[in-house]
Each structure stands twice: as structure tokens, then as C-alpha cells.
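Numbering (the numbering used here), first residue to last: -6 to 537. For reference, the structure discussed in these notes is given below.
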Amino acid sequence: MWARKFFTNTASTCDETPDAIVVFIDDKCSKANCANVMHGETKYKVSDTCNVTKPYKLIKEAFSKANEYVVVETYKTTSSCSTLSQTAAYSLGKCLAINNRRSIQCFQSPAGNVTVKYYNATDCSEGNNYLNVPAYTNSSDNCVNSSYKAYITVVESTSTASHSTSASASSNVPNPTSTPIDSSDSSVSGSLDTLSNEASSSTGQTTTSTLESDNPGISTGAIIGIVVGVLVAVLVVAWFVWYRRRFTKNGDSDADKREGAYAQASSPKSDQKSTDTGVTDFSSSIGLGPQSLAGLWDDELIATSRIPRDKVLVQQLINRGGYGEVYYGLYNGQRVALKTLLPELRKSIKHVNQLLDEVRLLAMLDHPRVVHFVGIAWDSLSDLCIVLEYMEGGDLRALLASYEAQGHDVGFDHTKVTIALHVAHALTYLHSLDPPVLHRDLKSKNVLLTSDLQAKITDFGISRERADKTMTAGVGTSLWMAPEVMMGERYDDKADMFSFGVMLSELDLHTLPYSHAKHNLSSSGHKMPAAEALYHLQTVLREL
-6 MWARKFFTNT ASTCDETPDA IVVFIDDKCS KANCANVMHG ETKYKVSDTC
44 NVTKPYKLIK EAFSKANEYV VVETYKTTSS CSTLSQTAAY SLGKCLAINN
94 RRSIQCFQSP AGNVTVKYYN ATDCSEGNNY LNVPAYTNSS DNCVNSSYKA
144 YITVVESTST ASHSTSASAS SNVPNPTSTP IDSSDSSVSG SLDTLSNEAS
194 SSTGQTTTST LESDNPGIST GAIIGIVVGV LVAVLVVAWF VWYRRRFTKN
244 GDSDADKREG AYAQASSPKS DQKSTDTGVT DFSSSIGLGP QSLAGLWDDE
294 LIATSRIPRD KVLVQQLINR GGYGEVYYGL YNGQRVALKT LLPELRKSIK
344 HVNQLLDEVR LLAMLDHPRV VHFVGIAWDS LSDLCIVLEY MEGGDLRALL
394 ASYEAQGHDV GFDHTKVTIA LHVAHALTYL HSLDPPVLHR DLKSKNVLLT
444 SDLQAKITDF GISRERADKT MTAGVGTSLW MAPEVMMGER YDDKADMFSF
494 GVMLSELDLH TLPYSHAKHN LSSSGHKMPA AEALYHLQTV LREL
């Protein structure tokens, strides 16, 4: 093995902390000694270390003067993170040009969470972000897409030793439990270009270490305070129950018209909003909602699905859409995904009701190819969050983007066929319910993967992906829509099957739907945007 250090400071003498280190597994060490290299239009200083036998020790020593650094491990793709093939380490914050087309950056959020981001541009522009690798404080159980692990390491010093979040207490770098490095799984160019393959999906997320202070015990005064507090709480609850019963007797029919009030919810087993074909359409249902927190207890499905809010630990934002947010978190030590409304929408009657509609549907679904519903938690109406199974492998769209970036062979292999089969099983289950359930927004972004690439479908409600190239004004995720949905006509479960067919084309070619059509020139001589391509499609459909 040999290692190459990269320095963005072109005046560097190569003896300070590097911006990146890549450990290669071949014997092609070029023995560069603070030499200049070009990646696209970016110049670097590089320095090589040959005959490396302890790569993690080398990385630790190189970053000894830094506060933190990120290590990304790449594994043989069929090994489920058991056969290590390459290791790299990066400093935080720097945008590094991988080659003349791509770049990488270790991004740290204000909360301290770290994500390794990959871009289809050399300037790390957010609109070109195509892959994200979350950095954990302990990489042992965080295999992503069967091939990747990343973790953040805090450099231990005299003043910060008690706050170290290193995965290894003795050396501050991990000692991997995987099998030895397999040199047959990688070809190395000796530059940052190979780092473009060290990426995964955006759904696995960063965890942070929390220091717990010593508990000195509870004093007598504290015990008295607790008892008094409990008595006060009991009195408040008793008064609330009395008031609510009195309020119900008076039959105040104007309650739902007051500011911030919510109309009473109907169970999805009875008065569902349905299409003309008798197919339940939960994703567009507005429904009704509770007048207060007590109203939630009157809904059987909501009440029986509740889990303690204080047992739910929110850790890091995974995704933000036009209506909601998804966070990585923990529930009773179990990794979960947490779905909430955007802060500005948490007092909206419409959006709170949509969130509750999704809970009612999820509580009735039970299939191994549908993301598992854990429960719903709240302390107040503005604090509602859906707790779902956490999928380590991210979403299918990110996996296909990585395939495209890495030049993966197009066509169907065993992995792709398995994913397609799993989605088909999920749709068969939904459409066999009575009444049938339409997903209505089936696309690669809504197919989530386990660490060993087992597929499950998700997003039955208000959570929508951010507006991007797959979204157009007024038509939503139209690239996957069936013609009858796009035209505003009646539709049934066949609309989901059309979307499934579009998703199969993604599995085949790795690209977004209609990407080849968009590459054709429009009448003005420019690349045809998605909206124009869809407009032409609608025009053709109207003429049929």
C-alpha cells in the first residue's frame, strides 16, 4: 500500500495538515515529494508515502494538528462491508475538485453533524449534489449500500480528551473488523479521481456522542417539589376532563371555526376520501383533525399508535421537502426515521390533518416490502412526528446516480431484478386491499433500501421531495405520472403500474425519465428543459 496527501495551498511545503489523504492498495507509489498536480482547473500539492503498513496510524499522525477529520472506507461491493478495498480521509469544509467534472466536500451542519457530499460540478454547488455519505462516530454498524462506511474523528488533546468522539479510545482511529484489504477490487490512478466512487445515498445519517453528567442523587427538597408538581398536574387534568365534558354537553357547534381549531377526524375505515373508481387515495386526502390533544385520544388508530415523545431522540436532518422534514433519530436505542411538518406549517389545519391521514394509513399497513411504521409521538399538536423504520441503504435514486457516476453497466442484473420484484410485491399488496390503496407517487426516490439492497416503498402522505429537476410547476413529480393523471382524468391502480414501468426504465439505464428527450435541442437551439418535454408529451396525448 501507499498513500498520497493532497494540499490545496499551492505554496505549501507539505509538512502541515493535508486536506485529504488517499490510501491506495497497489504498489505504484510514484514517490512524489511536494509536487504540483492538476485536477481540472484546480492545482494541488501532493506528497506520497510508500510502503504503508498501518494506514490508520498514518492518517492519525497526518491530522494530529486538526480538530476533526472524516474517514471514508470503501469495501468490495459484494462483501456487505466485510472486505476493505480503499481508505481515504478528509478535512472539514474544503471543496476539493475530484477531476474536471466532480468535487467533494465534508459539510458540517450548525448542529455539528457531518456529511461527505459529492457533486457533479467542480465548485461544490448545492444544486449539483448527487450523493451523500453520512459520517458516524462509530462505523461498526453503519454499512451503507453494502460498500461504504464513514465516520467523524475528533483529535484528542490534553484539553479535549474528555470530549473525544473517536471510534477507538486507544488510537483515536478505528481498528476495522473486516477482512484484509482486497487488491483485486479496485484500480487506482494515484489521484483524487478514485474518490468519486467513495459515496453512498443520502438517507443514512450522522450520529453524535452525548456526554452525561454524573447524577449526585435527589435531595429531599427535590422530592417534595416532584410530589407537588404531580399533584398540580393531576388537578389540571381533572379540571380539563370536567371542562371538556361540560363543553361537549353544551354542543358548541362553532368550535371548529375558532382560530387554531381542528375539526374531528374520521377513521380511515369508514369515511375515506376515494376516487370515482372506489380506490382509496390517501396521498391527496385532506380529511379532518382533532380540536385539541384530547381529540387525538378519541381516534382509535392514533391513540393506539402513540409512543412516548421523551423516548424519541432527534439527531440529524435527512431531507427537507415542500411540506415536511425527515430526521435520523433513535427510539429506545433503535435507529429510526422521524417525519414532521415544516415549522411554518405545524399550525396549518390542512397539513396537520394530512399528517394524521398518513398515520391512519400506515397503522393499517403490514407488509415486508412497505417501510415499517413504528408509531406517532407528540407533546403538543405542533410537535407531531411519525416514527418509521430507518433504511440504511438510502433511496434507489441515489443508488442509480452512483451507478451512473461510476460507469456501472446498464441493463438488469440480480440486484436490480430483486429491487424490481420487491416493489412489485409492495404494489400487489396495496392494490389487493379493500378498498385498494393507490400510492400515486411511486418513483425511485420513494423506494428505500436496506444495507444489503432489499427494497421497500415509502411516502404515503404529505412528505414531498424538494423541488428539483424532477419537479415542474403545477404538475408535481410528473416524470413518473401516468397520462390519465397528468391530464387530470379519472384513474385507478393502473396509474401506479405506469409509474412502476417508468421506474423500471430508471433501473435499466440509471438516468431520470425522459433524460434523453431533454438532451435534444428545442426549437430555440437550447437543451430542452423537463417542463417543455412534458408539455410536448401532453400535446401528443391530447391528439390521440
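No residue lacks a Cβ here, since even glycine has one placed at the ideal position from N, Cα and C. Because the structure is a prediction, the values reported are computed rather than measured.
| Item | Value |
| --- | --- |
| Helix, strand or coil for T203? Go by DSSP, reduced to three states. | Per-residue confidence for T203 stands at a pLDDT of 28, beneath the threshold of 50, marking its modelled position as unreliable; no derived number is given. |
| Between the beta-carbon of A370 and the beta-carbon of R433, is there less than 7 Å? | no |
| Closer than 6 Å: is that where the CB of L224 sits relative to any heavy atom of the ligand GTP? | Inclusion of the ligand GTP in the displayed structure is not the case, the ligand content being empty and no account of it being possible. |
| As a quick exercise: from A448, C117 and V109, pick the residue whose alpha carbon is nearest that of P127. | V109 |
| Could you tell me the distance, in whole angstroms, from the CA atom of Q447 to the CA atom of E119? | 29 Å |
| Does M(-6) come out as helix, strand or coil in the three-state DSSP assignment? | coil |
| Reducing DSSP to helix, strand and coil, say where H32 ends up. | strand |
| Counting only the same chain and skipping the five closest in sequence on each side, list residues whose C-beta sits under 8 Å from that of A55. | K(-2), T10, P11, I14 and A82 |
| In terms of residue numbering, what span does the beta strand (DSSP E) encompassing I379 cover? | C378 to E382 |
| Hey, is the region 317 to 329 in contact with the region 378 to 385, meaning 3+ C-beta pairs nearer than 8 Å? | yes |
| Do E499 and S437 have their CB atoms nearer than 7 Å? | yes |
| Does DSSP put L358 in a helix, in a strand, or in coil? | coil |
| Which of the three DSSP states is assigned to R353 in this structure? | helix |
| Does DSSP classify N60 as helix, strand or coil? | coil |
| What residue range is occupied by the uninterrupted beta strand (DSSP E) comprising V319? | G317 to Y324 |
| Buried or exposed, going by whether 16 or more other CB atoms sit within 10 Å of the CB of C574? | Within the shown structure, residues of the chain are numbered from -6 to 537, placing residue 574 beyond reach of any answer. |
| Excluding the five sequence neighbours on either side, which residues of its own chain have a C-beta within less than 6 Å of the C-beta of C117, listed in chain order? | C88, S96 and Q98 |
| With 16 as the cutoff for other CB atoms within 10 Å, does Q399 come out buried or exposed? | exposed |
| With a threshold of 16 other CB atoms inside 10 Å of the CB of A394, please say whether the residue is buried or exposed. | buried |
| On the three-state DSSP scale, how would you describe E66? | strand |
| Could you check whether H344 and Y564 sit closer than 7 Å to each other, using their CB atoms as the reference points? | Limits of the chain in this structure are -6 at one end and 537 at the other, which puts residue 564 out of reach. |
| Please return the same chain residues whose Cβ sits closer than 6 Å to the Cβ of S298, not counting the five positions on each side in sequence. | A356, G368 and I369 |
| In its own chain, which residues sit with a C-beta less than 6 Å from the C-beta of C22, not counting the 5 before and 5 after it? | W(-5), D41 and C43 |
| Over the uninterrupted beta strand (DSSP E) stretch that includes I14, give me the two end residues. | A13 to F17 |
| How big is the Cα-Cα spacing for N2 and Q101? | 21 Å |
| Report all residues from its chain with a CB closer than 7 Å to the CB of G322; omit the five preceding and five following residues, and keep chain order. | V305, L306, V307, Q308, V329 and L331 |
| Determine the burial state of W232: buried for a count of at least 16 other Cβ atoms within 10 Å of its Cβ, exposed for fewer. | exposed |
| Tell me the DSSP secondary structure of R339 in three-state form. | coil |
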